[in-house]
Amino acid sequence: MRKILQETFLEMIRRAATDLPPDVEGAIRRASKAEERGSTAAGALGILLENVAMARAESRPMCQDTGTNTWWIHHPVDVTAGTVKAAVLWATRRAVRLGYLRPNAVDSVTGENSGDNTGVGQPVIHLEQRARAGMAVDVLLKGGGCENVSGQAALPDFSIGAGRDLDGVRKAVLKIVDFAQGRGCAPGVIGVCVGGDRVTGYELAKQQLLRPLTDRSPDRVLARLERTLLKESNELEIGPMGFGGKTTILAVKAVKAHRLPASFFVTVSYSCWSLRRAHVRIARGKPTFSDTSFLLKAGGR
Amino acid sequence: MKHIDIPVDEKTIRGLGVGDEVALHGVIVLARDAAHKLMIEKRPDFIRPHLTGGVIYHCGPIMLEKKGVWSVVSAGPTTSIREEPYEGTVIAEYGVRAVIGKGGMGPKTLAALKQQGAVYLHAVGGAAVYLAGFVRSVPGVYMLDELGIPEAFWLFEVDGFPAIVTMDARGRSLHVKVDRASSRAFDALIGK
Ligand code: SF4
Chain Y
159 MRKILQETFL
169 EMIRRAATDL
179 PPDVEGAIRR
189 ASKAEERGST
199 AAGALGILLE
209 NVAMARAESR
219 PMCQDTGTNT
229 WWIHHPVDVT
239 AGTVKAAVLW
249 ATRRAVRLGY
259 LRPNAVDSVT
269 GENSGDNTGV
279 GQPVIHLEQR
289 ARAGMAVDVL
299 LKGGGCENVS
309 GQAALPDFSI
319 GAGRDLDGVR
329 KAVLKIVDFA
339 QGRGCAPGVI
349 GVCVGGDRVT
359 GYELAKQQLL
369 RPLTDRSPDR
379 VLARLERTLL
389 KESNELEIGP
399 MGFGGKTTIL
409 AVKAVKAHRL
419 PASFFVTVSY
429 SCWSLRRAHV
439 RIARGKPTFS
449 DTSFLLKAGG
459 R
Chain S
508 MKHIDIPVDE
518 KTIRGLGVGD
528 EVALHGVIVL
538 ARDAAHKLMI
548 EKRPDFIRPH
558 LTGGVIYHCG
568 PIMLEKKGVW
578 SVVSAGPTTS
588 IREEPYEGTV
598 IAEYGVRAVI
608 GKGGMGPKTL
618 AALKQQGAVY
628 LHAVGGAAVY
638 LAGFVRSVPG
648 VYMLDELGIP
658 EAFWLFEVDG
668 FPAIVTMDAR
678 GRSLHVKVDR
688 ASSRAFDALI
698 GK
């Protein structure tokens with residue numbers, strides 16, 4: 159089992175780092191046609207598509223910032239958490255040596271780079287044991303530029319007239335998107351969590367980035383919020399890279415979580431256009447790769 | 508597309524305007540967070556010859572070494588605004604003529620560009636394999652052991668490296684323009 163896990167996780171990292179999921183690439187292609195021909199925005203999107211094709215053909219990381227690697231792993235009872243974690247660490251170190259990952263873990267006090275992309279809290283591994291046999295695994299590589307422009311608001315926010323309701327949520331999200339400008343390598347995809355506490359808000363918002371861009375929330379209210387936020391974010395006309403243009407955001411994925419009566423957080427996890435993820439299921443010692451998550455049901459958790 | 512040879516003179520740079528596309532030829536210097544902090548605190552001389560009339564690239568690349576020779580795997584721009592506290596001083600101290608990055612920079616840098624005769628060039632963020640394709644060789648690296656691969660001062664010899672002028676030496680900034688327009692749209696959307 160150990161060997162299978164190691165090789166499978168390494169291949170997941172390679173795929174995530176070097177190839178864009180088809181739904182994301184499709185969204186960028188549509189966006190490039192929507193922008194005015196010959197504009198700087200259209201030119202930038204064209205370069206992105208060319209970059210993706212080159213990265214895929216040469217198996218090289220699309221972006222040099224291979225980000226924080228976050229894993230969601232559901233494992234059966236007979237595979238221990240220790241085995242799974244060790245395999246993730248092995249795959250991470252190996253991926254650095256092969257040039258699929260940049261050594262991205264820096265000691266926050268000494269400033270020293272660990273050199274192998276592992277360290278305290280890195281990579282991030284969420285483990286859940288399941289009763290069934292077999293495993294399902296998701297990995298997300300999320301860069302620093304877009305992580306820096308992610309944000310969390312506590313409602314009410316009087317500066318923008320945002321109360322503790324869905325309209326307040328809408329305003330708070332737009333404020334974060336506007337503040338980001340092009341710095342998160344727009345066009346972006348945003349995961350939005352309505353409610354939760356400060357930690358679960360970010361966790362669930364980030365997890366929404368695993369959803370296919372083409373799905374919509376099964377919750378009618380949230381589905382409407384997703385549509386409205388997509389339309390209005392693009393009315394900001396920040397455009398690809400912040401050059402100005404029609405495409406600022408490619409998709410909005412919203413989810414909700416219960417909150418305390420006293421707290422109303424709205425959290426936005428901003429992903430750059432380079433939304434890198436990989437999904438696998440391992441049954442009877444055999445991995446099956448997929449473009450969509452086996453863990454995250456359409457529209458949420 | 509305007510062809511720019513590095514080192515470049517002030518007159519050529521002052522002739523550039525927001526929206527101009529340029530293709531860079533020559534040796535550029537990679538410097539990001541730790542390198543900027545160092546340039547301000549220690550003002551090292553080892554990098555001076557490469558920066559006089561030269562170009563800084565905000566980039567932390569993925570590099571591979573084989574038999575003592577470094578090659579570039581992926582090398583796109585990183586967010587420039589983090590260097591805002593330093594960049595104006597670095598430009599003046601070393602006589603830098605262009606800074607490549609992404610996301611644009613703030614008023615302090617814009618003022619320095621105007622005063623010193625320099626421009627900010629935007630490369631397409633995340634297009635790291637595409638951009639690495641314009642690197643012909645890696646003639647050197649400084650502070651690799653101390654700063655690590657993503658933060659070291661790499662020298663890249665580039666041939667036709669593409670970027671767009673988004674802040675020029677006349678005090679104009681595309682980023683200010685886009686930000687103002689989006690703020691107006693935002694105010695309308697929240698009913699302000
Ligand atoms: S925000 Fe994304 S695309 Fe941009 S540099 Fe960071 S990881 Fe790369």
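Quick note, the sequences are listed as chains Y and S, same order. To get our numbering, take the position in the first sequence, counting from 1, and add 158. To get our numbering, take the position in the second sequence, counting from 1, and add 507. Beta carbons: idealized from backbone N, C-alpha and C, even for Gly.
Discussion item. Please give me, in chain order, every unbroken run of the beta strand (DSSP E) with length at least 3 that falls completely inside the segment 269-323 of chain Y.
Written reply: 282-288, 293-300, 309-312
Item to complete: Starting from Y/E390, trace the beta strand (DSSP E) both ways and give me its first and last residue.
Response: Mapped onto the first sequence, residue 390 of chain Y falls at position 232. Note, Y/E390: premise wrong, no beta strand (DSSP E); alpha helix (DSSP H) at 378-393.
Discussion item. Contact between the segment 373-383 of chain Y and the segment 400-413 of chain Y is defined here as three or more beta-carbon pairs at a separation below 8 Å; is this criterion met?
Written reply: yes
Item to complete: Check each residue of the segment 679-692 of chain S: if its Cβ is closer than 8 Å to any Cβ of chain Y, include it; give the result in chain order.
Response: L681, H682, K684, V685, D686, A688, S689, S690, A692
Fill in: Interfacial residues, the segment 632-650 of chain S to chain Y, with Cβ spacing under 9 Å
G632, G633, A634, A635, V636, Y637, L638, A639, G640
Worksheet item: Within 7 Å: the Cβ of Y/W431 and any heavy atom of the ligand SF4?
Response: As a working note, residue 431 of chain Y is residue 273 in the first sequence. It does: the Cβ of Y/W431 is within 7 Å (strictly closer) of some heavy atom of the ligand SF4.
Worksheet item: Closer than 7 Å: is that where the CB of Y/C304 sits relative to any heavy atom of the ligand SF4?
Response: The residue labelled residue 304 of chain Y in the question sits at position 146 within the first sequence. Yes - the ligand SF4 has a heavy atom lying nearer than 7 Å to the Cβ of Y/C304.
Discussion item. By alpha-carbon positions, which one of Y/P234, Y/E286, Y/M399 ends up nearest to Y/A344?
Written reply: Your numbering for residue 344 of chain Y matches position 186 in the first sequence. Ranking Y/P234, Y/E286, Y/M399 by CA distance to the CA of Y/A344 puts Y/M399 first.
Fill in: Euclidean distance between Cα positions of Y/E183 and Y/G204
Here residue 183 of chain Y corresponds to residue number 25 of the first sequence, with the count starting at 1. Here residue 204 of chain Y corresponds to residue number 46 of the first sequence, with the count starting at 1. So the two alpha carbons sit approximately 11 Å from each other.
Worksheet item: Is the distance from the Cβ of S/I671 to the Cβ of S/A605 below 8 Å?
Response: Residue 671 of chain S sits at position 164 when you count from the first residue of the second sequence. Residue 605 of chain S sits at position 98 when you count from the first residue of the second sequence. No, Cβ-Cβ distance for S/I671 and S/A605 is not below 8 Å.
Fill in: Separation of S/L681 from S/S690, as counted between CA atoms
In the second sequence, residue 690 of chain S corresponds to position 183, counting from 1. In the second sequence, residue 681 of chain S corresponds to position 174, counting from 1. The straight-line gap from Cα to Cα measures roughly 14 Å.
Fill in: Beta-carbon contacts of S/Y601 that lie in its chain and below 8 Å, excluding the five residues immediately before and after
In the second sequence, residue 601 of chain S corresponds to position 94, counting from 1. Here the set comprises M546, I554, R555, L558, T559, G561.
Worksheet item: Beta-carbon of S/I697 versus every beta-carbon of chain Y: anything under 8 Å?
Response: For the purposes of this step, residue 697 of chain S is taken as residue 190 along the second sequence, with counting starting at 1. Yes, contact with chain Y.
Fill in: Inside the segment 622-697 of chain S only - beta strand (DSSP E) runs reaching at least 3 residues
Listed in chain order, they are 626-629, 642-649, 660-674.
Practice prompt. Report the residues of the segment 575-586 of chain S with a CB closer than 7 Å to any CB of chain Y, ordered along the chain.
Written response: Under the 7 Å Cβ criterion, the segment 575-586 of chain S contributes V580, S581, A582, G583, T585, T586.
Discussion item. So that I know if they touch, is there some Cβ in chain S lying closer than 8 Å to that of Y/S429?
Written reply: Position 271 of the first sequence holds residue 429 of chain Y. Not one chain S Cβ lies under 8 Å of Y/S429.
Practice prompt. Express the C-alpha separation of Y/Q366 and Y/M159 in angstroms, rounding to a whole number.
Written response: Here residue 159 of chain Y corresponds to residue number 1 of the first sequence, with the count starting at 1. Here residue 366 of chain Y corresponds to residue number 208 of the first sequence, with the count starting at 1. Computed Cα separation, rounded: 30 Å.
Practice prompt. Quick one: measure Cβ to Cβ for Y/L408 and Y/V347, integer angstroms, because I've assumed they're closer than 8 Å.
Written response: Residue 408 of chain Y sits at position 250 when you count from the first residue of the first sequence. Residue 347 of chain Y sits at position 189 when you count from the first residue of the first sequence. Yes, Y/L408 and Y/V347 are in contact; Cβ-Cβ is about 5 Å, under 8 Å.
Practice prompt. Taking Y/I396 as the query, report the chain S residues whose CB atoms sit under 8 Å from its CB, ordered along the chain.
Written response: By one-based count along the first sequence, residue 396 of chain Y stands at place 238. Those are V685, S689, listed as they occur along chain S.
Worksheet item: Using a beta-carbon distance cut-off of less than 9 Å, what residues from the segment 603-624 of chain S approach chain Y?
Response: K609, G610, G611
Worksheet entry | Beta-ladder partner(s) of Y/K414, from DSSP | The sequence position of residue 414 of chain Y within the first sequence is 256, counting from 1. Beta-bridge pairing links Y/K414 to Y/V352.
Worksheet item: Can Y/D223 be considered in contact with the ligand SF4, in the sense that its beta carbon sits closer than 7 Å to one or more heavy atoms?
Response: Looking up residue 223 of chain Y in the first sequence gives position 65. Yes.
Discussion item. Which residue wins for smallest C-alpha separation from Y/A291, given the options Y/V237, Y/N227, Y/R356, Y/G353?
Written reply: Taking the first sequence and counting its residues from 1, one reaches residue 291 of chain Y at position 133. Selected option, being the one with the closest Cα: Y/V237.
Discussion item. I want to verify the contact list: residues of chain S whose CB lies under 8 Å from the CB of Y/K404, in sequence order.
Written reply: Residue mapping note: residue 404 of chain Y aligns to position 246 of the first sequence, counting from 1. Those within 8 Å of Y/K404 in chain S number zero; the least Cβ separation is about 12 Å.
Practice prompt. To the nearest angstrom, report how far apart S/G640 and S/G608 are at their CA atoms.
Written response: As a first step, residue 640 of chain S is located in the second sequence; it is residue number 133 there, counting from the start. As a first step, residue 608 of chain S is located in the second sequence; it is residue number 101 there, counting from the start. Their Cα atoms are separated by approximately 17 Å.
Item to complete: Can you give me the Cβ contacts of S/K621 inside the same chain, cut-off strictly under 6 Å, excluding the 5 residues immediately before and after it?
Response: Counting from 1 along the second sequence, the entry for residue 621 of chain S is found at position 114. Excluding residues within five positions, the ones whose Cβ falls inside 6 Å are A676, G678.
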